[in-house]
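J.:
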Amino acid sequence: MLVPPATTDGVRDIEVLAFTRSKMPEQVCVRASWAALGFKLAQSSLAFGADGYGGWGLEELLTYTSRCRPADRVDAEQARAGAVEAGMEPE
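Counting with the numbering used here, you get residues 8 to 98 for the letters of the sequence shown.
#1: By how many angstroms is the C-alpha of V35 removed from the C-alpha of A49?
#2: Would you list, in sequence order, the uninterrupted beta strand (DSSP E) runs of no fewer than 3 residues that lie entirely inside the region 17 to 72?
#3: If you draw a straight line from the alpha carbon of D20 to that of W41, how long is it in whole angstroms?
#4: Alpha carbon to alpha carbon, what distance is there between P32 and D82?
#5: Could you please give the first and the last residue of the uninterrupted alpha helix (DSSP H) stretch that includes G89?
#6: Compute the minimum distance between the beta carbon of T14 and the heavy atoms of the ligand GTP, and state whether it is under 7 Å.
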């Protein structure tokens with residue numbers, strides 16, 4: 008019996024995000040987590056349907072266990088600059 012991997016790769020993460028965006032109503036915000044994906048992949052996800060990105064909210068802290076640690080920490084200025092680089096207007 009095949010056991011699914013404990014983690015995914017970046018391609019699969021983007022596929023899931025793009026699929027989710029295509030199936031959810033417009034008013035539902037689809038956000039990529041840089042804590043989970045790493046900042047560059049979260050930034051790239053903006054081109055594949057993410058409405059935005061963010062990291063280190065309470066919901067993310069609840070997600071991590073001793074087997075899964077966050078990938079990245081990004082300050083507010085880096086987040087804004089990354090959104091501008093990706094062609095988005097930060098809030």
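In this text, a Cβ means the ideal position worked out from N, Cα and C, and glycines have one as well.
T.: Let me spell this out:
#1: In this structure, the CA atom of A49 is about 18 Å from the CA atom of V35.
#2: 38 to 40, 59 to 61
#3: 12 Å
#4: Distance between the alpha carbons of D82 and P32 is about 30 Å.
#5: 83 to 92
#6: The ligand GTP is not part of the structure shown, which contains no ligands of any sort.
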